[in-house]
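These notes concern the structure reproduced below.
Number of protein chains: 2
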Amino acid sequence: MARQRPGRAKSIGLGILGLGVVGGGVYRALSQKAAVLAERAGGPLTVEAILVRDLKKGRAVQPPPRLLTTDPKDVLGNPRVDVVVELLGGEQPALEYIQEALRSGRHVVTANKDVLAKHGAQLLALGRERDVGLQFEASVGGGIPIIGSLLHDLLANNLTAVYGIINGTTNYILTKMAREGLDFAPALKQAQDLGYAEADPSHDIQGTDAAYKLAILATLAFHTQVRPEDVYREGIERLASRDFRYAQELGYAIKLLAIAKAEEGAIQARVHPVFLPQDYPLAKVDGVFNAVQVEGDLVGPLLFQGQGAGALPTASAVVADIIHAAKDIRQGGPATPLPLLNDSRPVRPMAEVRTRYYLRLSVSDQPGVLAQIAQVLGEQQISIASVIQKEVYEEAQTAELVIMTHKAREDAFQEALRRLALLSVVSEVGNYVRVEG
Amino acid sequence: MARQRPGRAKSIGLGILGLGVVGGGVYRALSQKAAVLAERAGGPLTVEAILVRDLKKGRAVQPPPRLLTTDPKDVLGNPRVDVVVELLGGEQPALEYIQEALRSGRHVVTANKDVLAKHGAQLLALGRERDVGLQFEASVGGGIPIIGSLLHDLLANNLTAVYGIINGTTNYILTKMAREGLDFAPALKQAQDLGYAEADPSHDIQGTDAAYKLAILATLAFHTQVRPEDVYREGIERLASRDFRYAQELGYAIKLLAIAKAEEGAIQARVHPVFLPQDYPLAKVDGVFNAVQVEGDLVGPLLFQGQGAGALPTASAVVADIIHAAKDIRQGGPATPLPLLNDSRPVRPMAEVRTRYYLRLSVSDQPGVLAQIAQVLGEQQISIASVIQKEVYEEAQTAELVIMTHKAREDAFQEALRRLALLSVVSEVGNYVRVEG
């Protein structure tokens, strides 16, 4: 479709799949800003059809009824549609529609992290094959232009690391816990009451959402396919208010960090809570803000920070992608080349990753305890960087120990945890958090 | 030149003007990364000629001598050169060379803020006319992809403000002053000793460098031509260590901020020291880092932070621009459209700008002084938000007053300053700093 009208400044036809929060925001931006967007895109952008589930549903935005349809063919088979804008979310039927659109030579713009994380490599190959664009800036970080930067602006770099705070729900909860001394459960409750967390928040708080997004970022940053299941993930449920108190005393903030690092011949990809030095820019990213830090051999560290969700920031990214597709179509040549995933570094198993650890233990308040603990750690080649005895509970005759380790292998650390739990002087392995920076 | 070989994946020829710090970094990146860059650009990037001042000069990078020339024609008239990479800096002869390159149908990549700030609108029009690209990501913020974001990723937005810490020298000095309680002169001396400030630092410390960069950013953000002379500028020389002490006590950091705001029918464009609330992201950007915050109607606030200067970060931006130009040439269609500057909002004179102010006065330590000061301010419609009497110098019978005002017009504030200086109870108008946020 797209290819057949090169160069002409006639209208570019858009077919939108989905008119929910994001779809509504995109439609509203397209209609309210039609004149200025036409100018910036080199010609009008015309919505030709919108797929909805229910024609009768009341909506905040009200497109002309003739545009609405419940039949995907009215969008995907519409000869006036040059660009399919997929805003349904979820894996199916979105994936199927995107494939059909690309196969028919239509450009695709999508905000769908599930589809991109799971099937991005295959869709990029399909887009290349059909010489059409596949734009997905909104799939990670809302309005933050991180995908465009990875695909275009940072191409001269050998990227060495990507660090992201890319889940607003968990960052809101962690910020609450840090600032108000709350435990996890009440902080989650507050986030739910304010609409920052869903009724079933498991996708967010277990790190799954962040892992999907990290799979996309790591794939683009390292030109190698990183699948969601390659990403190690741990959620924020185990964190207690005292972990925040100790972190603060030790000069750290606690964040749910998505981490991808390029190593010699392998990649690390993991999502879990971390201790971050308080003076690190990412440590200061609070509330529902998202941020991504990229490190490259030329550019050094580069930080992007903004609103990671919401109808308007997401519409900012989706509409920019639409303009990009429209320009590609108008230029008439082949589409802007899609990224090659021609590297194939394996993802290192979490067991082999080396980090530092914060470890909190409840122990008997008696002499010789530390010697036993140090021996268990030493047997696993884990060196202690510092030990602080925190609160002593006299009645229970227990004390709380906070241990900061030097770098150790994850499997060794997990084995040490198992052995520590068996020591009679250890009444509880309270928590552990990996340390970055 | 470029137009004559659409579609083919043959080598793209580069002509580099200048082999100084940036030119050397770019040449080194191009040669050391030739294979991976060829992959990402869709074909080889071949340096065909390099203009230098002195063929014999010793250099850290040593291109084959046959590439070096002192005659600009060997680059600008070279039939194998598709993209001219201008890294001479300064207004002339860079401007002339860029014009010649565009006129001959060659794409141009430049890091030249002087030329862009002063002649950007004209060069963009020339590029449009000849249908060739003009890329200048490195002209502002080193490796931070702020230009690309304004030109592409944020196009859906009506941008309302741009705030930048875009001069590393002054940010280094201000960070030193804040952290170590230094006055301006010793902080500048330290910066010079470490190579962060030039022997003649006036271009940086007087805000001229930042004003040039702001002119470029404001032009792109607001699609209207903002010239360097439209930008109000004040440097950092007047700041004293006590201003930092008081700022800190009041919850502010002091930064040299480049500010462009879109107002009803006009634009503000100014560079001067500001008090910024300590919890603002820009307030935490320290040392030689640069940062730009953009605000749009859809995306909200968006922060970019990274290394604003240096051979490698600048090379990151220049080489990305070269890849972009190479892709445009290979696509064979018209070049990626250059931005239209089709808005024409005037820049509001500084006298009409309204901000809040911090004001430090040395006054007689006697009753009734504040009444006289408040009267002068009141006559100029300046409301006082808070007054704090700071140090008292008993021997001199003077005290230091720190006044924070509500919003007032700049001309009224300047008139008030003149009148305050005439009061017998005011021994010195110590300093004033505008307050943002």
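Those protein sequence lines, which keep their order, are chains A and B.
Read in order, the letters of the first sequence are residues 172 to 608 in this note's numbering.
Read in order, the letters of the second sequence are residues 172 to 608 in this note's numbering.
We treat Cβ as the ideally placed atom computed from N, Cα and C, and that holds for glycine.
*Give the secondary structure of Leu-226 of chain A by DSSP, where H, G and I count as helix, E and B as strand, and everything else as coil.*
If DSSP states are grouped into helix, strand and coil, Leu-226 of chain A belongs with coil.
*DSSP state of Gly-503 of chain B, grouped into three classes?*
Here DSSP, grouped into helix, strand and coil, assigns Gly-503 of chain B to coil.
*Report yes if the C-beta of Arg-199 of chain B is less than 6 angstroms from at least one heavy atom of the ligand ADP; otherwise report no.*
In the structure shown, the ligand ADP is absent, as is every other ligand, since no ligand is present at all.
*Residues in its own chain within less than 6 angstroms of Thr-217 of chain A by CB, not counting five upstream and five downstream?*
Cβ within range, chain order: Ser-182, Gly-184.
*Can you give the Cα-Cα distance for Ile-553 of chain A and Ala-418 of chain A, rounded to whole angstroms?*
Put simply, the backbone Cα of Ile-553 of chain A is about 20 angstroms away from that of Ala-418 of chain A.
*Go through the segment 495 to 571 of chain B residue by residue and report every complete run of the beta strand (DSSP E) that reaches 3 residues or more, in order.*
Complete beta strand (DSSP E) runs here, min 3: 525 to 535, 555 to 564.
*Interface residues of the segment 329 to 362 of chain B facing chain A [CB-CB below 7 angstroms]*: So nothing in the stretch comes that close.
*Leaving out five residues on either side along the sequence, give the residues of the same chain with a beta carbon under 7 angstroms from the beta carbon of Gly-406 of chain B.*
So the list reads Ile-376, Gln-377, Gly-378, once near-sequence residues are dropped.
*Between the C-alpha atoms of Glu-607 of chain A and Pro-444 of chain A, what's the straight-line distance to the nearest angstrom?*
For Glu-607 of chain A and Pro-444 of chain A, the distance between alpha carbons rounds to 10 angstroms.
*Which listed residue (A:His-495, A:Arg-580, A:Gln-543, A:Ala-592) has its alpha carbon closest to that of Leu-254 of chain A*: The sequence shown places Val at residue 254 of chain A, rather than the Leu named in the question. Residue A:His-495 is the option with its Cα nearest to Val-254 of chain A.
*From Leu-447 of chain A to Tyr-367 of chain A, what does the alpha carbon distance come to, in whole angstroms?*
Each residue's CA atom was taken as its position, placing Leu-447 of chain A and Tyr-367 of chain A some 23 angstroms apart.
_Can you pull the chain D neighbours of Pro-215 of chain B, defined as C-beta to C-beta under 9 angstroms?_
Going by chain labels, chain D is absent from the structure shown, which instead holds the protein chains A and B.
*DSSP state of Asn-146 of chain B, grouped into three classes?*
Residue 146 of chain B falls outside the range modelled here, since chain B spans only 172 to 608, and no answer is possible.
*Compute the beta-carbon to beta-carbon distance between Ala-491 of chain A and Asp-324 of chain B, rounded to the nearest angstrom, for a pair I have assumed lies under 8 angstroms.*
Rounded, the Cβ-Cβ distance is 5 angstroms, consistent with contact.
*Does the segment 451 to 468 of chain B come close enough to the segment 283 to 296 of chain B to have 3 or more Cβ pairs within less than 8 angstroms?*
Too few Cβ pairs lie closer than 8 angstroms, so no.
*Three-state secondary structure (DSSP) at Ile-317 of chain B?*
Ile-317 of chain B falls in the helix class under three-state DSSP.
*Would Leu-593 of chain B be called buried (16 or more neighbouring beta carbons within 10 Å of its own) or exposed?*
The residue is exposed, with fewer than 16 neighbouring Cβ atoms inside 10 Å.
*Between Asn-338 of chain A and the rest of its own chain, which residues show a CB-CB distance below 7 angstroms, the 5 nearest in sequence each way excluded?*
Excluding residues within five positions, the ones whose Cβ falls inside 7 angstroms are Asp-375, Asp-380, Ala-381, Leu-427.
*For Phe-475 of chain B, which three-state DSSP category applies?*
Strand at Phe-475 of chain B.
*Looking at C-alpha atoms only, which residue of B:Glu-565, B:Val-597, B:Arg-580 is the closest neighbour of Leu-572 of chain B?*
Answer by Cα proximity: B:Val-597.
_Can you pull out the residues from the segment 490 to 504 of chain A whose beta carbon lies closer than 7 angstroms to at least one beta carbon of chain B?_
So the close ones are Val-490, Ala-491, Ile-494, His-495, Lys-498, Gln-502, Gly-503, Gly-504.
*Any residues in the segment 460 to 486 of chain B with a beta carbon nearer than 7 angstroms to a beta carbon of chain A? Which ones, in chain order?*
For the segment 460 to 486 of chain B, the beta-carbon criterion of a distance under 7 angstroms to any beta-carbon of chain A is satisfied by Gly-467, Leu-469, Val-470, Gly-471, Pro-472, Leu-473, Leu-474, Phe-475, Gln-476, Gly-477, Gln-478, Leu-483, Pro-484, Ala-486.
*Between the segment 185 to 198 of chain B and the segment 231 to 250 of chain B, are three or more C-beta pairs nearer than 8 angstroms?*
With the cut-off at 8 angstroms, the segment 185 to 198 of chain B and the segment 231 to 250 of chain B touch.
*Inter-stretch contact (C-beta, 8 angstroms, three-pair minimum) for the segment 297 to 306 of chain B and the segment 466 to 478 of chain B*: No: fewer than three Cβ pairs fall under 8 angstroms.
*Residue from A:Val-192, A:Ala-433, A:Thr-241 with nearest C-alpha to Gly-260 of chain A*: If we check each option's Cα against that of Gly-260 of chain A, A:Val-192 comes out closest.
*Using 8 angstroms as the Cβ pair cut-off and three pairs as the minimum, do the segment 527 to 535 of chain B and the segment 434 to 444 of chain B touch?*
The segment 527 to 535 of chain B vs the segment 434 to 444 of chain B: no contact.
*Count the other CB atoms within 10 Å of the CB of Arg-525 of chain B; is the residue buried (16 or more) or exposed (fewer)?*
Of the residues assessed, Arg-525 of chain B falls on the exposed side of the cut-off, its CB having fewer than 16 other CB atoms within 10 angstroms.
*Extent of the continuous alpha helix (DSSP H) to which His-577 of chain A belongs*: Counting along the chain, His-577 of chain A falls outside any alpha helix (DSSP H), and DSSP gives it neither H nor E.
*Neighbourhood of Leu-511 of chain A by C-beta distance below 8 angstroms, restricted to the same chain and skipping five residues each side*: Around Leu-511 of chain A: His-394.
*When DSSP labels each residue in this structure, what does Ile-336 of chain B get in the three-state scheme?*
Looking at Ile-336 of chain B - three-state DSSP - the assignment turns out to be strand.
*Would Tyr-603 of chain A be called buried (16 or more neighbouring beta carbons within 10 Å of its own) or exposed?*
So Tyr-603 of chain A counts as buried.
*From A:Glu-351, A:Glu-420, A:Phe-307, pick the residue whose C-alpha is nearest to that of Lys-384 of chain A; which is it?*
Distance from the Cα of Lys-384 of chain A is smallest, within the candidate group A:Glu-351, A:Glu-420, A:Phe-307, for A:Phe-307.
*Thinking Gly-481 of chain B and Asn-329 of chain B are a contact (beta carbons under 8 angstroms), I'd like their distance in whole angstroms, please.*
Between the beta-carbon of Gly-481 of chain B and that of Asn-329 of chain B there is about 34 angstroms, and that puts the pair past the 8 angstroms contact cut.
*Taking Cβ to Cβ, would you say Val-246 of chain A is nearer than 7 angstroms to Ala-212 of chain A?*
For Val-246 of chain A and Ala-212 of chain A, no; Cβs fall outside 7 angstroms.
*Could you please give the first and the last residue of the uninterrupted alpha helix (DSSP H) stretch that includes Leu-295 of chain A?*
284 to 301 is the extent of the alpha helix (DSSP H) around Leu-295 of chain A.
*Which residue from B:Glu-408, B:Arg-224, B:Ala-349 puts its Cα closest to that of Glu-420 of chain B?*
The residue with the shortest Cα to Cα distance from Glu-420 of chain B is B:Ala-349.
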